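Beneath this line is the structure, given in structure tokens, with notes to follow.
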Amino acid sequence: MNDTPIPILYCANHPQRETSLRCNRCNKPICTQCAVLTPTGYRCKECVKAQQKTFDTAELIDYPIAIIIAVILAYIGSLIAGVLGFFTLFIAPVAGVIIAEAVRLATRRHRSKRLYQVTAVAAALGSLPRVLILLLAFVIGNGSGMTSIAILLPLAFQVLYIFLMVSSLYYRLRGISVRY
Ligand SMILES: [Zn+2]
Ligand SMILES: [Zn+2]
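Below, the structure is given as structure tokens:
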């Protein structure tokens, strides 16, 4: 039980405003307008900014490096998926992890949500040529039913490859970086 009355706090930025909120990092009193709701509770804007800075360690050079690696490896993966067929379902998530680890090594484990998003998009783009070639073949060979089935199945596996590989890649990159 706590019988002591709650002291009235005033916002650090707005001395006129009473508040009961405190930043859970620097303990500064903040009003609802100054508070930012983060996954770990209310924080002042200064602390949120500081936190983002320590999280974002990526440098400009990391982006082209990550893009090149993701595009090339994702393309190689899409070629392998073209041979594997059904087994793509098991291999695609592994490909995502391999690409994520390669990018992490090449960017010296720099962290940035945007870098992860760019990497994921680059990996998706890298696997697109196979899809486009199959789509083109489908459109051209649309006359005969045999061609359609022979193309539609690999096409479906390619789309699955992209989906599984990119999501596995993105969660691998994000999952590791969350602990800090
Ligand atoms: Zn604060
Ligand atoms: Zn305020």
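In our numbering, the protein residues as written are 100 to 279. C-beta atoms are modelled at their ideal positions from N, C-alpha and C, and glycine is treated no differently. Since we're looking at a predicted model, the values are computed, not measured.
Simplified DSSP state of residue i, which is helix, strand or coil
| i | result |
| --- | --- |
| P106 | coil |
| P138 | coil |
| E145 | helix |
| T153 | helix |
| T187 | helix |
| R271 | helix |
| E117 | strand |
| V277 | Any reading at V277 needs caution, since the residue's pLDDT is 46, under 50, leaving its predicted position unreliable; the model's value is listed next. Three-state DSSP puts V277 in coil, outside helix and strand. |
Rounded distance between the beta-carbons of residue j and residue i, thought under 8 Å
| i | j | result |
| --- | --- | --- |
| I349 | A222 | Outside the displayed range of the chain (100 to 279) lies residue 349, so it cannot be described from this structure. |
| I250 | F262 | Not a contact, Cβ separation roughly 19 Å. |
| V265 | A219 | 5 Å |
Buried or exposed by the 16-neighbour rule on C-beta atoms within 10 Å, applied to residue i
| i | result |
| --- | --- |
| V170 | buried |
| Q151 | exposed |
| G195 | buried |
| F256 | buried |
| R271 | buried |
| T153 | exposed |
| R203 | buried |
| R213 | exposed |
| P233 | First, the amino acid is wrong: residue 233 is Leu here, not Pro. When all chains shown are included, L233 counts as buried. |
Cβ neighbours of residue i in the same chain (closer than 7 Å, five flanking residues each side left out)
| i | result |
| --- | --- |
| Y285 | Beyond the ends of the chain as shown, which are 100 and 279, falls residue 285; an answer cannot be given. |
| V217 | Y162, A165 and I166 |
Close Cβ partners of residue i (< 8 Å) along its chain, the five nearest in sequence each way excluded
| i | result |
| --- | --- |
| A111 | K127, P128, I129, C133 and C143 |
| Y215 | Y269, L272, R273 and S276 |
| H113 | C130, Q132 and C133 |
Contact set for residue i: own chain, Cβ-Cβ below 6 Å, skip 5 residues either direction
| i | result |
| --- | --- |
| A205 | I164 and I168 |
(request) Could you tell me whether the segment 122-141 touches the segment 154-172, using the rule of 3 or more Cβ pairs below 8 Å? (result) no
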